[in-house]
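Chains as they are written, first to last, in this note's numbering: chain C, 2 to 179; chain W, 2 to 179. Beta carbons: idealized from backbone N, C-alpha and C, even for Gly. Heads up: the structure comes next, in structure tokens.
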DNA sequence: TGATTAGTATATCAATATGATATATTTAGG
DNA sequence: CCTAAATATATCATATTGATATACTAATCA
């Protein structure tokens, strides 16, 4: 599933502009999938060419013109077809963990600080999610919010209990380097 | 931190060819960071140009020539400098979760099957990790293996306990569509 | 009042990365 | 004997990011 397909998915929830689709990615899909304007606008153009969405232009007086996109019947069909496929593997990249791989080359204080910041960041994410999740969520929304909370909390707990392993390697590494 | 930097990091652990660096990504960094030949070979060329690694060619009789890369002093310095920076945010993309967002559009049987497969996949990852982690690990290696196990297990537990939420939306969505 | 920041809305572009493919040979397994 | 996996290089179209440009409004703040 590429960003083009996911734009189509977002449009199943209602008409939207490119700008609004970007906001949806940030608000509802922050946990799951990221997309920048550089991929959203070209996607929308291509989907229009392919007849999977239609576009009407709304000129506003005190704003730039809006292009409002609507999914077509063909678009709905194409989306369902793609989404029924076996999903590809997750793609995950963590500079934080990559850095920790080299804990033995870094000062213990740097490692400690990075872990502190990571824990603070995960806590922020959890509390942001409490705000971001709707008050009367659908079952799926409830599932997604709980998923994020659970995974982030598991990470926090693990970091607290096991950070000493990294901090030990950072200290040992330094000593070995002397 | 980009792939170029991480190649440098891998070379701090010893000389290697592009092929061996790719294997290191697969074996030691599978959890954390991915890289394909299409990014590794160009990285190595650029690092050589910049004088951060040196390269000696070893012609083998019954194999393609090897290009063995060694990190230089300048390379070690450049790596440490980059790795001391505040790590950028994780990048995560999950087609699995993106699909579940649209559970209400899909047959409940499809959703159930996807969840079953996901659980099986995470279990496979956990057991692969038991094999992949060295017998006498360093503290950092122990930390990384434990990290993966913990996060995957948290996901499995969450899925088992909350899959009914998605399965409910899938059933309701279908009914609403009729 | 005046200045600065955030919000609405479009779009492009260089740089980066993926995933597939090509080439060529050896070794291991069934 | 044949096939698949392993060793080793490399390229390329396509996808994606992150930054930047443009242009106007609304809100905040000193």
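- Task: Might you give, ordered along the chain, the residues of its own chain that have their beta carbon closer than 6 Å to the beta carbon of residue 16 of chain W, omitting 5 neighbours on each side?
- Result: 69, 71
- Item | Within chain C, partners of residue 16 of chain W - CB distance below 7 Å | Under a criterion of Cβ atoms nearer than 7 Å, no residue of chain C is adjacent to residue 16 of chain W; the nearest Cβ is some 17 Å distant.
- Item | CA nearest to the CA of residue 142 of chain C, picked from W:130, W:148, W:140, W:169 | W:169
- Delimiting residues of the beta strand (DSSP E) encompassing residue 93 of chain C: 92-94
- Item | Short Cβ contact (8 Å threshold) for residue 159 of chain C with residue 151 of chain W | Residue 159 of chain C places its beta carbon less than 8 Å from that of residue 151 of chain W.
- Item | Stretch pair the region 89-98 of chain W + the region 86-96 of chain C: three plus CB contacts closer than 8 Å | yes
- Item | Buried versus exposed, by CB contacts within 10 Å (16 or more), residue 44 of chain C | Taking a 10 Å sphere around the C-beta of residue 44 of chain C, we find 16 or more other C-beta atoms and assign the residue as buried.
- Message: If you follow the beta strand (DSSP E) that residue 59 of chain W is in, where does it begin and where does it stop?
- Response: 54-59
- Message: Helix, strand or coil, according to DSSP, for residue 36 of chain C in the structure here?
- Response: coil
- According to the neighbour-count rule (16 or more other Cβ atoms, all chains shown, within 10 Å of its Cβ), is residue 180 of chain W buried or exposed? Lying before the first or after the last residue shown, residue 180 of chain W is absent from chain W, which here runs from 2 to 179.
- Contact between the region 31-39 of chain W and the region 97-117 of chain C (3+ Cβ pairs under 8 Å): yes
- Mind listing the chain C neighbours of residue 180 of chain W? Cutoff is C-beta to C-beta under 8 Å, in chain order. Outside the modelled stretch of chain W, which goes from 2 to 179, sits residue 180 of chain W, for which no answer is possible.
- Since residue 68 of chain W is in the beta strand (DSSP E), which residue starts that stretch and which ends it? 67-72
- Task: List the residues of chain W whose Cβ lies closer than 9 Å to the Cβ of residue 156 of chain C, in chain order.
- Result: 148, 151, 152, 155
- Query: Taking the alpha helix (DSSP H) that residue 13 of chain C falls in, what are its first and last residues?
  - Reply: Unbroken run through residue 13 of chain C: none, as it is neither H nor E.
- Query: Is the beta carbon of residue 116 of chain C sitting closer than 8 Å to the one on residue 157 of chain C?
  - Reply: The answer is no: Cβ separation not under 8 Å.
- Under 8 Å Cβ to Cβ from residue 149 of chain W, same chain only, skipping five residues before and after it: list those, please. 32, 126, 127, 130
- Short CB-CB distance (under 8 Å) between residue 10 of chain W and chain C: For residue 10 of chain W, the answer is yes, since a Cβ of chain C falls inside 8 Å of its Cβ.
- Query: Among W:51, W:50, W:67, which has the Cα closest to the Cα of residue 57 of chain W?
  - Reply: W:67
- Task: Give a single yes or no on whether residue 100 of chain C has its beta carbon closer than 7 Å to a heavy atom of the ligand ADP.
- Result: Ligands displayed in this structure: none; no statement on the ligand ADP is therefore possible.
- Query: Can you find a C-beta in chain C that's less than 8 Å from the C-beta of residue 25 of chain W?
  - Reply: no
- Measure the beta-carbon distance from residue 75 of chain C to residue 53 of chain C and round it to whole angstroms, keeping in mind my assumption that it falls under 8 Å. 6 Å
- Taking Cβ-Cβ distances shorter than 9 Å, what residues in chain C pair up with residue 85 of chain W? 100, 107, 108, 111
- Message: So, under 8 Å CB-CB, residue 173 of chain W and residue 105 of chain W are touching, yes? Tell me the CB distance rounded to an integer number of Å.
- Response: 7 Å
- Task: Identify whether residue 129 of chain C lies in helix, strand or coil by the three-state DSSP scheme.
- Result: Helix.
- Item | Pairwise C-alpha distance: residue 59 of chain C and residue 132 of chain W | 59 Å
- For residue 19 of chain W, is the classification buried or exposed, using 16 other Cβ atoms within 10 angstroms of its Cβ as the cut-off for buried? Buried.
- Query: Residue range of the alpha helix (DSSP H) that residue 87 of chain W falls in?
  - Reply: That residue, residue 87 of chain W, is in no alpha helix (DSSP H); it is neither H nor E in DSSP.
- Message: Does the CB of residue 13 of chain W have a neighbour CB from chain C at under 8 Å?
- Response: yes
- Message: For residue 140 of chain C, count the other beta carbons within 10 Å of its own beta carbon; 16 or more makes it buried, fewer makes it exposed. Which is it?
- Response: buried
- Grouping DSSP H, G and I as helix and E and B as strand, with all else coil, what is residue 21 of chain C? helix
- Query: Beta carbon of residue 155 of chain W, beta carbon of residue 155 of chain C: below 8 Å?
  - Reply: yes
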